[in-house]
Every structure is written in structure tokens, then in C-alpha cells.
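To start, the structure itself, in C-alpha cells.
Residue numbers (my numbering): 173 to 381.
If you want it as C-alpha cells, here you go:
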């Protein structure tokens, strides 16, 4: 079983909770993939005229290319966890990559529904099809802290509603930029030991009855 950890904007696999969680999951016997992604604003020559969105924005084709190289085809036992804008990168990947199997779960931690910076618009869920995305994993889980100062908890609730995800609210974890969060490990372990004997979306209400 693979656990895929995706860091946030201007971060890396060596920052925040990622080193701790990677080591804990390795010790529990999981294969862990924690790629370093180009989730940051590019450094360009300021003297060269260029569209401000391109100057400051995320290079989505490059991001998808690196994710495809590091993660490859998704497997039916995979669990993906993305932090902050890394969560939206996972959603973009689910939409972009060719899929032959359905991952076990996608966990979105402190993920924004929208952000105010226009150069990050390419990661917005608005530009994705939530009705299609919800079928691309057996389960979606949104974890958000009530005291998140960077991304208000309403973002997490909105995201969970759109993806028909299980919503988990914590009280004092802010934007999950600390070194350890047991709730993340516990959620992964719980999902990993839960047998799935049904198809994605089976628990959704049949609106055609």
C-alpha cells in the first residue's frame, strides 16, 4: 500500500509535519512517496515584460509532469494526502492523469476553496469538475482546524460538501504547519485497515429512483 504525501505552496517534503509523518508511516510498514514539487512562484527576470499571472503563477504543465514522474499511475490501494495548496494539486492530478484503478482515499488537509492571489487561480477547485472528481477515489476526507488563520474553516466545509467528503474538524491545529499531528497518522491507519468491497459512489443517494 502506497501513501503519497503532497506538500503545500512554497514548501517541501522536509518541512512542517511531512518528515514526521513519513517516518511514522515507514515504521508502520507503508511505502511512502513524498515528491518535491514545483509548487512555488517561479523566479523570473523582472526586466523582461511578461504577463503578471505567468510571472507569479504556478507552472501547471510542469507540476503535472513532475507528479506523473514521481507518482505514476494511481493504484487501488493508494492513499493520497495533500496539505494546503498541495491538496488542490492532488485534485488537479486526479483530473489530469490517466486512471486504470481507483485510489483508496484522498485526504485534504487545511485546503482552501479559493484564495485571493490571482496567480494561484489555476489550482482553484472552481476550475475542476467536482461531480467527476468525487468518483475518482473510494473516499474523500477533509481535515481542517477551527482556528486556521490562513484558510478559514468555511473553506474546508465547502470543499467537503462539493466532494461529498467526510469532514473532520480539529480545534487547535491552525494551518497544520507544525511538526506532528497524530490525527493525520490515525486517519491514514483507519482508512488503511478499513476493507472496501464496494464501488466508488455506492454510498451516495440515488437521485434517479
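Just so it is clear, CB atoms sit at the ideal spot from N, CA and C, and this is done for glycine as well.
Would you tell me roughly how many angstroms separate the C-alpha atoms of residue 262 and residue 253, rounded to the nearest one? Residue 262 sits at position 90 when you count from the first residue of the chain shown. Residue 253 sits at position 81 when you count from the first residue of the chain shown. Annotation: residue 262 to residue 253 spans about 8 Å, alpha carbon to alpha carbon.
On the three-state DSSP scale, how would you describe residue 277? The residue you call residue 277 lines up with position 105 of the chain shown. DSSP, read as helix, strand or coil, puts residue 277 in strand.
In its own chain, which residues sit with a C-beta less than 7 Å from the C-beta of residue 285, not counting the 5 before and 5 after it? By one-based count along the chain shown, residue 285 stands at place 113. Only 297, 327, 330 and 331 meet the Cβ criterion.
I'd like the ranges of any alpha helix (DSSP H) spanning at least 4 consecutive residues and lying wholly in the region 230-278. Counting only runs of 4 or more, we get 232-243 and 257-268.
State the DSSP-derived secondary structure class of residue 366, mapped to helix, strand or coil. Stepping through the chain shown from its first residue, residue 366 is reached at position 194. Here residue 366 sits in coil by DSSP.
Reference residue 313; option with closest CA among 184, 301 and 334: As a working mapping, residue 313 is identified with position 141 in the chain shown. Of the candidates 184, 301 and 334, the residue whose Cα lies closest to the Cα of residue 313 is 334.
Rounded distance between the beta-carbons of residue 260 and residue 283, thought under 8 Å: Numbered from 1 along the chain shown, position 111 holds the residue referred to as residue 283. Numbered from 1 along the chain shown, position 88 holds the residue referred to as residue 260. Correct: roughly 6 Å between the Cβ atoms.
Complete alpha helix (DSSP H) runs within the region 318-358 (minimum length 4 residues, chain order): DSSP runs (the alpha helix (DSSP H)) wholly in the region 318-358: 325-335.
Apart from the five residues on each side of it in sequence, which residues of its chain come closer than 6 Å, Cβ to Cβ, to residue 281? Counted from its first residue, the chain shown places residue 281 at position 109. Here the set comprises 255, 315 and 348.
Grab me the residues of residue 190's own chain with a C-beta within less than 7 Å of its C-beta, minus the 5 sequence neighbours each way, in chain order. The residue given as residue 190 occupies position 18 in the chain shown. Excluding the 5 residues flanking it on each side, residue 190 has same chain C-beta neighbours closer than 7 Å at 177, 179 and 206, in chain order.
Which residue from 354, 303, 273 and 257 puts its Cα closest to that of residue 244? Reading the chain shown from its first residue, position 72 is the one you call residue 244. The shortest C-alpha separation from residue 244 is found at 273.
Among 235, 318 and 234, which residue has its Cα nearest to the Cα of residue 339? For the purposes of this step, residue 339 is taken as residue 167 along the chain shown, with counting starting at 1. The shortest C-alpha separation from residue 339 is found at 318.
May I ask you to report which of helix, strand or coil DSSP gives residue 297? In the chain shown, counting from the first residue as 1, residue 297 sits at position 125. Low local confidence applies: a pLDDT of 49 at residue 297 is under 50, so the model's placement there is unreliable, and no value is given.
Can you tell me whether residue 177 is helix, strand or coil according to DSSP? Translated into the one-based positions of the chain shown, residue 177 becomes position 5. Here residue 177 carries a strand assignment [DSSP, helix/strand/coil].
According to DSSP, residues forming a beta bridge with residue 316: Position 144 of the chain shown holds residue 316. 341.
Helix, strand or coil: which one does DSSP assign to residue 311? To locate residue 311, count along the chain shown from 1; it is residue 139. It is coil, neither helix nor strand.
Using only alpha-carbon positions, find the residue among 195, 233, 193 and 241 that is nearest to residue 208. Here residue 208 corresponds to residue number 36 of the chain shown, with the count starting at 1. The residue with the shortest Cα to Cα distance from residue 208 is 241.
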